[in-house]
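Order-wise, the sequence lines are chains S and C.
This note's numbering numbers the first residue of the first sequence as 888 and each following residue consecutively.
This note's numbering numbers the first residue of the second sequence as 888 and each following residue consecutively.
Even for Gly, the Cβ is constructed at its ideal location relative to N, Cα and C.
One structure is given here, and the rest of the page talks about it.
Protein chains: 2
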Amino acid sequence: MSNINILIVEDEAAIRGMLTIVLEQAGFSPIAAAEVDSAQKILADTFPDLILLDWMLPGISGVEWARRLKKDPSYRELPIILLTARGEEEDKVRGLEIGADDYLTKPFSPKELVARIRAVLRRSGKLQGGTQIVLGNLILDTEQHRLTIGEKQLDVSPTEFRLMQFFMTHPDKVFSRTQLLDQVWGRSVYIEERTVDVHIRRLRKILGDYGKEELVQTVRGFGYRFSLID
Amino acid sequence: MSNINILIVEDEAAIRGMLTIVLEQAGFSPIAAAEVDSAQKILADTFPDLILLDWMLPGISGVEWARRLKKDPSYRELPIILLTARGEEEDKVRGLEIGADDYLTKPFSPKELVARIRAVLRRSGKLQGGTQIVLGNLILDTEQHRLTIGEKQLDVSPTEFRLMQFFMTHPDKVFSRTQLLDQVWGRSVYIEERTVDVHIRRLRKILGDYGKEELVQTVRGFGYRFSLID
DNA sequence: TTTGAGTGTGACGAATTTATTACAGACTAA
DNA sequence: TTAGTCTGTAATAAATTCGTCACACTCAAA
Chain S
888 MSNINILIVE DEAAIRGMLT IVLEQAGFSP IAAAEVDSAQ KILADTFPDL
938 ILLDWMLPGI SGVEWARRLK KDPSYRELPI ILLTARGEEE DKVRGLEIGA
988 DDYLTKPFSP KELVARIRAV LRRSGKLQGG TQIVLGNLIL DTEQHRLTIG
1038 EKQLDVSPTE FRLMQFFMTH PDKVFSRTQL LDQVWGRSVY IEERTVDVHI
1088 RRLRKILGDY GKEELVQTVR GFGYRFSLID
Chain C
888 MSNINILIVE DEAAIRGMLT IVLEQAGFSP IAAAEVDSAQ KILADTFPDL
938 ILLDWMLPGI SGVEWARRLK KDPSYRELPI ILLTARGEEE DKVRGLEIGA
988 DDYLTKPFSP KELVARIRAV LRRSGKLQGG TQIVLGNLIL DTEQHRLTIG
1038 EKQLDVSPTE FRLMQFFMTH PDKVFSRTQL LDQVWGRSVY IEERTVDVHI
1088 RRLRKILGDY GKEELVQTVR GFGYRFSLID
């Protein structure tokens, strides 16, 4: 269960399905959209680490959308890989001009796709050899599956670990219970929203043992936030 | 100038040549044969450390030869990596049945080839620079096949030894049961995941006799970790 | 102060995951 | 061959985790 989310935007259902399967098998968490409109919605409440974008799309074209995203400060850092039709050299050039991070010419092999994705992620620092997330004196090491606070090791359950991992990679941001369920539990399970509260409680209890209870903050009416600042 | 001899058996001259070059560059000493007959001769008077064997061969097929070798006591230990054509899943299954140590699906990258070869050689103990791995007061000597803790020598079975070897070369890192099976048992065998648990248990028991039971740690939901730290 | 929605908390049973044991077949050395 | 070891698997036990619920508490608007 990687938490590398990849947003696929592709109108052809067959290719979309193929991409989804390939990415899943490669250990990513893909989300697919058929056109820009729904992609935009997904973008709003999920937090993809990379977008795989078809060049030709009905309605707003992929290029056009990419151009917009690259102009938007809050999405500028989000890597985009364009999928172009065979041999349209010109497109490639234009694609890179608008700031796409890579392009891939159809047809491509699954292997190549995954390799390119990894390369881009690595370049943007999201896929690192260094597997540590450091926040203050909190260290979460995904490779060792360890959560330490100062010198002390915290004993957390798998779900708590994933929750912490998500929080620590998105500090200072408020997330609704639904968003947390989507991100930490996965989009495909249905679970009561209140369950999040319980897990938050458990996390706070553990953190509280080390005087760090206030790291997880309640934002009444919205959800929770993880932050070093009060 | 390695003394690792690798016997290549491949009928297509182009691929044979490519393999030879790749292996040479990787520091191995390749010897190539176009079919089983000449391979058999080479086998008789040179002593390869590993065979890279094409699945499809004129005359006796690669599989058939592999099967024979694996039955012959004097060659049983000789690792074999099968080269299979793309997507022939069935072949893989048969490949592992006859006891191949790994398989590689064409086309493959030189990098992957070399990595797999190294892995297999390491697993069979033939690739070791310094033969000792030292961790705390634990010493694992791959050449003498010995595991000592302080002054005491531990009596471990072959599988336990390989498991320890893998753990000691990758300390502090969590591995899933699948990863352990791939790395310690080999990619081409199908074994129940639970079997790992049993071997872990056996290892712990042995280590426990010397007060080192806690070296192998359970990471619930993920797998196991070998670490000197709690 | 009242009221109701939003949140915190402890408990519980079910589900999941891991540990342990026993056993049969394969293999090895004598 | 034979006794003994090694290994994978299945069965069972033990431990942990997880989602829900019921009820207590908070907060803010009226």
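The alpha helix (DSSP H) enclosing residue i, as first and last residue numbers
{"i": "S:P1045", "result": "P1045 to T1056"}
{"i": "S:D1084", "result": "R1081 to G1095"}
{"i": "S:P997", "result": "P997 to R1010"}
{"i": "S:A901", "result": "A900 to Q912"}
{"i": "C:L956", "result": "G949 to K958"}
Beta-carbon spacing of residue i, residue j below 9 Å
{"i": "C:L1067", "j": "C:V1083", "result": "yes"}
{"i": "C:I968", "j": "C:K957", "result": "no"}
{"i": "C:F1109", "j": "C:S1063", "result": "yes"}
{"i": "S:Y1111", "j": "S:V1061", "result": "yes"}
{"i": "C:I895", "j": "C:L939", "result": "yes"}
{"i": "S:I891", "j": "S:G914", "result": "yes"}
{"i": "S:L1025", "j": "S:K993", "result": "no"}
{"i": "C:R903", "j": "C:A926", "result": "no"}
Cα-Cα separation, residue i to residue j
{"i": "S:A901", "j": "S:A919", "result": "12 Å"}
{"i": "S:T907", "j": "S:W952", "result": "21 Å"}
{"i": "S:T1056", "j": "C:V1106", "result": "22 Å"}
{"i": "S:D1028", "j": "S:L965", "result": "24 Å"}
{"i": "S:V1085", "j": "S:G1073", "result": "17 Å"}
{"i": "S:D1096", "j": "S:F1054", "result": "19 Å"}
{"i": "S:S1011", "j": "C:D959", "result": "52 Å"}
{"i": "C:D941", "j": "C:E897", "result": "5 Å"}
{"i": "C:Q1070", "j": "S:S916", "result": "25 Å"}
{"i": "C:L1050", "j": "C:Q1040", "result": "17 Å"}
{"i": "C:L910", "j": "C:M943", "result": "21 Å"}
{"i": "C:R963", "j": "S:L1000", "result": "39 Å"}
{"i": "C:Q1052", "j": "C:I1020", "result": "8 Å"}
{"i": "C:T1035", "j": "S:E1080", "result": "53 Å"}
{"i": "C:D988", "j": "C:S1075", "result": "6 Å"}
{"i": "C:V950", "j": "C:V923", "result": "10 Å"}
{"i": "S:I1078", "j": "C:G1037", "result": "52 Å"}
{"i": "S:I893", "j": "S:A1002", "result": "14 Å"}
{"i": "C:S996", "j": "C:I1087", "result": "34 Å"}
{"i": "S:G1098", "j": "S:Q1104", "result": "14 Å"}
{"i": "S:R954", "j": "S:F934", "result": "19 Å"}
{"i": "C:D1042", "j": "C:R1009", "result": "21 Å"}
{"i": "S:S961", "j": "S:F1113", "result": "19 Å"}
{"i": "C:E899", "j": "S:H1032", "result": "46 Å"}
{"i": "C:M905", "j": "S:Q912", "result": "30 Å"}
{"i": "S:F1048", "j": "S:D932", "result": "22 Å"}
{"i": "C:K1092", "j": "C:K998", "result": "39 Å"}
{"i": "C:I1004", "j": "S:T1065", "result": "47 Å"}
Supposed close pair residue i, residue j - CB separation, criterion 8 Å
{"i": "C:L1022", "j": "C:P1058", "result": "6 Å"}
{"i": "C:L1115", "j": "C:V1007", "result": "Not really, about 28 Å apart at Cβ, beyond 8 Å."}
{"i": "S:E1119", "j": "S:T1018", "result": "Because chain S is modelled from 888 through 1117, residue 1119 of chain S falls outside the range shown and cannot be assessed."}
{"i": "S:D1163", "j": "S:E1101", "result": "This structure gives no information on residue 1163 of chain S, because the portion of chain S shown stretches from 888 to 1117."}
Under the three-state DSSP convention, the category residue i falls into
{"i": "S:I967", "result": "strand"}
{"i": "C:D1069", "result": "helix"}
{"i": "C:T933", "result": "coil"}
{"i": "C:Q1019", "result": "strand"}
{"i": "C:D941", "result": "strand"}
{"i": "C:D1042", "result": "coil"}
{"i": "C:Q1031", "result": "coil"}
{"i": "C:S925", "result": "helix"}
{"i": "C:D978", "result": "Confidence at C:D978 is low in this model, with a pLDDT of 49, below 50, so the placement of that residue should be treated as unreliable; the coordinate-derived value is given next. If DSSP states are grouped into helix, strand and coil, C:D978 belongs with the helices."}
Run of the beta strand (DSSP E) containing residue i, from where it starts to where it stops
{"i": "S:G1110", "result": "G1110 to F1113"}
{"i": "C:N892", "result": "N892 to V896"}
{"i": "S:S961", "result": "It is not in any beta strand (DSSP E) - S:S961 carries neither H nor E in the DSSP assignment."}
{"i": "S:A920", "result": "S916 to A920"}
{"i": "C:L991", "result": "D989 to T992"}
{"i": "S:V1076", "result": "First-last for S:V1076: undefined, no H or E at that position."}
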